[in-house]
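full-length UniProt numbering applies: residue 1 is where the first sequence begins, and numbers increase by one. Working notes, beginning with the structure itself.
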Amino acid sequence: MACIDQKNLQPFVSPQIFDSCKSLKLLKQSHAQILKSPSPPNPKLTIKLVASYGKLGDLDSAVLAFDQFPQYPDAFLFNSLIQAYNSNSLFRWSLEIYTQMLNSGISPNQYTFPLLVKACSSSFMLRHGTQIHGHSVKLGFSSNPFVGVSMIDMYMKNGEIESARLMFDGMLERDVVSWNALLTGYTQNGKPEEALGVYNRMRKEGVDTNFVSITNVINACSQMRFLHQGKWIHSWVFKTGFEADIIIGTALLDMYANSADLGFAKQIFEEMITKDLIAWNCLISCSAQNGLIEDSFKLFIEMQGSGLKPNGSSLAGILPAVARCGALHLGKSCHGFAIRNGLDLDEYVMTALIDVYAKSGDLIAARRLFDFIPTKSVVAWSSMIAGYGSHGFCAEALMLFEKMLASKFKPNYITYIGVLSACAHSGFVKEGREYFRRMVTQHGIIPNVQHYTCMVDMLARAGLLDEAMDLIKTMPTEPSPGIWGALLGGCKIHSHVELGKFAAERLFELNSSDPGFYVLLSNIYAAANMWSEVRKMRELMRERGLRKPAGWSSIEIGKKVHCFISHDISHADSNVIYQKLEELMEEICKAGYIPETKVVLHDVEDDVKEDMLRSHSEKLAMAYGLLKTAPGTPIRIMKNLRTCEDCHVAAKFISKVTGREIVLRDAIRFHHIKEGACTCRDYW
DNA sequence: ATAGGGTTAG
């Protein structure tokens, strides 16, 4: 009998049999069969069994199979268990198994190290990774090309570019994969020039580049917004027939979208033979980032029509567009969609929603979500900090930043933009200077134009115009339009005609076609009663075909957005709105409101001016909000341009006499107006 | 029998 069993068992237990075990049930049946066999399982079989359990995600059974084979534990067996943990993303356990391996006196082999290094790089355990690197050197495996490549990858994924480079330079044998690891590392770390340099060297040295290399070159071109070379690559890809590859297709799509050639991106998308979730997501998020909110929603729906189920990234992709238009109800319904579809715990979705809530004026909801996220990324911290800053809550922003540092998080350059702009919006000059310094000394971040813009903005608003000018002079790069714009804004607040004129001239030299700058300078002249200059500015604008964009304000009532322009009489409730406005004006005048006619308008009689101010879009929206919402509800208004000074004063009085909180989002910040005061401290 | 590099996203 025993003999027959053996015979029958022999073909049955060949290791290959597990490859066809697609289900755990089948695998367990085979496992049971082996255990019934009178002879002990052979090593090959156990290893295959452990690996198969690992692939199917049943680690308990993998360990069980591992333990059933205590006779000859060796590196092979341990490796397969480590791989089982790796493939289930249980990287700490992989290292744990390695420790057990060493403790039981088994030496790792050359196959062990890539597995361990992968575990470290995937879970950002750089310190452990460096230790493993040391072990591999000691045991003489560091010159193995597989070990080397995994090491390059680990250092690159952890931002240790120098160490990766050293590893690469020290390698004795290099093949496409090791070159690609270096190339990929540079693109992943945002160093497209270096990446292209590596690619050129590869070609010079005759390395056979493959589709991985090409994907990364496209990626690098995409980062450089270097469409010229990108197009060349595209035609090259086309010729070699790589285009059918979906990953290359997606990389191309991303490149065109990043170079603001969305039309071309769409064309590539249309031409893709199979469109997977990633390709859809890419186009959705590109549309959203280019402000095409309707397109991104349409694509989101179309994608579902084509039978694909959106994942967290799909939803996170449209959320920046939602944040941009600041429609709270839309943000909430996206949040609802996330909950209904089990995407509300997705890290990207949660983080994007923080931004949506903050930019829609609901900071409390943003903070609630922030506190809820168990493992907050740098982006989550940065969004929340920037949220507080834009609403004028600088102290809260800085407190959160300190908390972030205390929890051992490394801020990046975006975090610092949030911190510095928070200081700028609230006039925290002393703190701003200090953080600007610490950014360099403590975190090694070289300030870029955006950081300088925050600083100039901060100093100029605070009236430290000379210091702002000095800072501009010490900038390592050419001042951007944004820099001069910030200085010009400060000159407007502090009525500095000369410097304002200087800043504006620099802007006009740079061919800035933003009509806002012309209007700013014109307003500076108006405030100084220099009417002939004002007229000249108007003529200049007309000559250059620039027009001040029409201002509008919107307010959400229920699920509907109501939009107003100045003197708007198109609304169905127009009569009631003007009546309400009339009452409000009477009430706030009693409370001490005096219309700010001086700067806002000129060339008109005073009583006419008052009348014109009275029907500004902000005021119409406020009146409508007061009519349509229950007492005590905050009124959230959005304006496309900067807030008008008179409307700002009026809003403060309105908040006082009605007891309402008014949250007003203008082109660059929020005003929280409560009990007659605003978080901007009249300073914006 | 066990090992290395590639696509989207705040």
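Just so it is clear, CB atoms sit at the ideal spot from N, CA and C, and this is done for glycine as well. Quantities reported herein were computed from a predicted structural model and do not represent experimental measurements.
Cβ pair residue i, residue j closer than 8 Å
i       : j       : result
Leu-641 : Gly-551 : yes
Ala-365 : Gly-387 : no
Cys-644 : Glu-675 : no
Val-561 : Glu-596 : no
Met-171 : Pro-145 : yes
Val-176 : Val-207 : yes
Ile-555 : Val-657 : no
Gly-485 : Lys-492 : no
Gly-129 : Ser-136 : no
Ser-553 : Ala-621 : yes
Ile-385 : Ala-397 : yes
Val-322 : Gly-331 : yes
Thr-629 : Ile-557 : yes
Buried or exposed (CB count within 10 angstroms, at least 16 for buried), residue i
i           : result
Pro-374     : exposed
Pro-73      : buried
Trp-531     : exposed
Pro-549     : exposed
Asn-281     : buried
Pro-38      : exposed
Gln-29      : exposed
Trp-236     : exposed
Thr-474     : exposed
Lys-25      : exposed
His-391     : buried
Asp-371     : exposed
Gly-389     : buried
Val-349     : buried
Arg-225     : exposed
Val-519     : buried
Tyr-452     : buried
Met-156     : buried
Ile-569     : exposed
residue 686 : Only positions 1 to 684 of the chain appear in the structure, and residue 686 is not among them; the question remains open.
Asp-666     : buried
Integer-rounded CB distance, given that residue j should sit under 8 Å from residue i
i       : j       : result
Ala-32  : Tyr-53  : That belief does not hold up - the Cβ atoms of Ala-32 and Tyr-53 are roughly 13 Å apart, past 8 Å.
Phe-269 : Leu-283 : 5 Å
Ile-472 : Val-456 : 6 Å
Ala-65  : Thr-46  : 6 Å
Asn-88  : Leu-59  : 6 Å
Pro-310 : Ala-288 : Not quite, the Cβ-Cβ distance comes to about 13 Å (not below 8 Å), so this is no contact.
Ala-257 : Cys-286 : 3 Å
Collapsed DSSP secondary structure at residue i in the structure displayed
i       : result
His-329 : helix
Ile-668 : coil
Cys-491 : helix
Ile-414 : helix
Ser-553 : strand
Ile-637 : strand
Phe-300 : helix
Ala-677 : strand
Lys-560 : strand
Ile-248 : helix
Tyr-683 : coil
Ile-662 : strand
Ile-483 : helix
Ala-2   : At Ala-2 the pLDDT is 30, less than 50, meaning the model places this residue with poor confidence; the figure from the coordinates comes in the next sentence. Of the three classes helix, strand and coil, the one that applies to Ala-2 here is helix, per DSSP.
Ile-472 : helix
Ile-565 : strand
Phe-653 : helix
Asp-60  : helix
Glu-194 : helix
Met-530 : coil
Cys-454 : helix
Ala-279 : helix
Thr-274 : coil
Asp-153 : helix
Ala-323 : helix
Leu-584 : helix
Any non-hydrogen atom of the ligand GTP within 7 Å of residue i CB
i       : result
Leu-328 : Although the ligand GTP was asked about, the structure shown includes no ligands whatsoever.
Quiz item: Counting pairs of Cβ atoms below 8 Å between the segment 630–640 and the segment 654–666, do you hit three or more?
Solution: yes
Quiz item: Are three or more beta carbon pairs between the segment 575–582 and the segment 502–521 nearer than 8 Å?
Solution: no
Quiz item: Using 8 Å as the threshold, is the segment 103–110 in touch with the segment 75–82, meaning 3 or more CB pairs across them?
Solution: yes
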